[in-house]
Amino acid sequence: MDFVIRLEEEKDFEKVEFLTREAFWDLYGPGCDEHLILHKLRKSPAFVKELSYVVDKDNHIIGNVVYTIGKVTNGNKQVHEVLCMGPISVLPEYQGKGIGSKLLEESLKKAKVIGYKGVVIFGNPKYYQRFGYENAKKYGIQTSEGENFDEFMALELEKEGLKGITGKFHIDSAFEVNKEELETFEKGFPPKEKNFKL
Ligand SMILES: CC(C)(COP(=O)(O)OP(=O)(O)OC[C@H]1O[C@@H](n2cnc3c(N)ncnc32)[C@H](O)[C@@H]1OP(=O)(O)O)[C@@H](O)C(=O)NCCC(=O)NCCS
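And the structure:
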């Protein structure tokens, strides 16, 4: 399949939010909030514009990945910046064709070139292990609550890139959304039925 991976432009914003909503809808709960998170992340100083990529197939946006700066803090009041990946989305009808993998590989390659040392994510280990992500515990990084679990992973972008970066990981506050802002934001999208089943 022919597609181009390119940097996101302002003209893509609405389309990318639409595709994010389509990709996450009813996946982890009724409806989703990832399209609003994305909308808020773009306005945050933590947003890494030069790593916001879209998959463009004949001027149709079918995939997107974004990164923000997250912080790792320890008791010594040291603050280290690392990348935080997500959301990543591929339109449902295009999933399972290798597009998400390509998007991750390309964006990680660019992140490395820019000079970022490591990435921290919350995601499904079965998918992300293939890109080299490992349980963040290996690097001495815990969640902001001081926890470690399989879905909390980290990746070094260079040898020993995360060495000395230990402590609690904090995502940007733009990831926090409330019910009211989601309801208001949803009004800008076509109505969509929620059919989440456990
Ligand atoms: C996750 C996502 C971006 C992957 O993109 P994609 O183009 O479908 O991925 P690829 O075709 O490169 O890879 C497909 C593989 O990923 C697996 N996969 C896809 N989504 C997955 C998920 N959420 N969790 C675990 N595995 C997943 C598929 O089972 C397949 O595995 P296989 O290669 O062993 O058969 C896409 O499926 C998507 O948008 N999902 C909905 C949103 C989402 O869950 N985003 C990630 C949140 S952590």
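The opening residue of the sequence shown carries number 12 in my numbering; numbering runs sequentially from there.
Beta carbons: idealized from backbone N, C-alpha and C, even for Gly.
Residues of its chain near residue i, where Cβ-Cβ distance is below 7 Å and the 5 sequence neighbours each way are ignored
i           : result
residue 100 : 30, 31, 34, 35, 74 and 75
residue 181 : 81, 82, 84 and 155
residue 55  : 79, 183 and 185
residue 44  : 188 and 193
residue 207 : 37, 40 and 41
residue 205 : 37, 41 and 42
residue 172 : 128 and 129
residue 86  : none
residue 28  : 46, 49 and 50
Anticipated Cβ contact below 8 Å, residue i with residue j, distance rounded
i           : j           : result
residue 129 : residue 93  : 5 Å
residue 162 : residue 134 : 6 Å
residue 47  : residue 193 : 5 Å
residue 164 : residue 138 : Wrong, their Cβ atoms sit about 10 Å apart, outside the cutoff.
residue 132 : residue 107 : The pair is not a contact, with the Cβ atoms about 20 Å apart (cut-off 8 Å).
Cβ-based neighbour list, residue i, same chain, cut-off 6 Å, excluding 5 preceding and 5 following
i           : result
residue 15  : 67
residue 191 : none
residue 176 : 83 and 91
residue 118 : 62, 64 and 76
residue 19  : 63 and 65
residue 69  : none
residue 151 : 177
residue 3   : In this structure the chain extends from 12 to 209, so residue 3 is not present and cannot be described.
residue 115 : 142
residue 196 : 47
residue 23  : 65 and 72
residue 26  : 72
Simplified DSSP state of residue i, which is helix, strand or coil
i          : result
residue 47 : helix
residue 18 : strand
Same chain only: Cβ atoms within 8 Å of residue i, ignoring 5 sequence neighbours per side
i           : result
residue 203 : 32, 36 and 42
residue 52  : 58, 77, 79, 183, 185 and 186
residue 17  : 64, 65 and 67
residue 21  : none
residue 201 : none
beta-carbon residue i near ligand 2 non-hydrogen atom, thresh 7 Å
i          : result
residue 68 : Of the ligands this structure carries, namely ligand 1, none is ligand 2.
- Contained beta strand (DSSP E) runs [length at least 3] in the region 54 to 119, N- to C-terminal order: 64 to 68, 71 to 84 and 90 to 101
- Give, in chain order, every unbroken run of the alpha helix (DSSP H) that is at least 4 residues long and sits entirely within the region 134 to 193. 136 to 139
- Message: Does the contact criterion of 3 or more C-beta pairs under 8 Å hold for the region 111 to 129 versus the region 160 to 180?
- Response: yes
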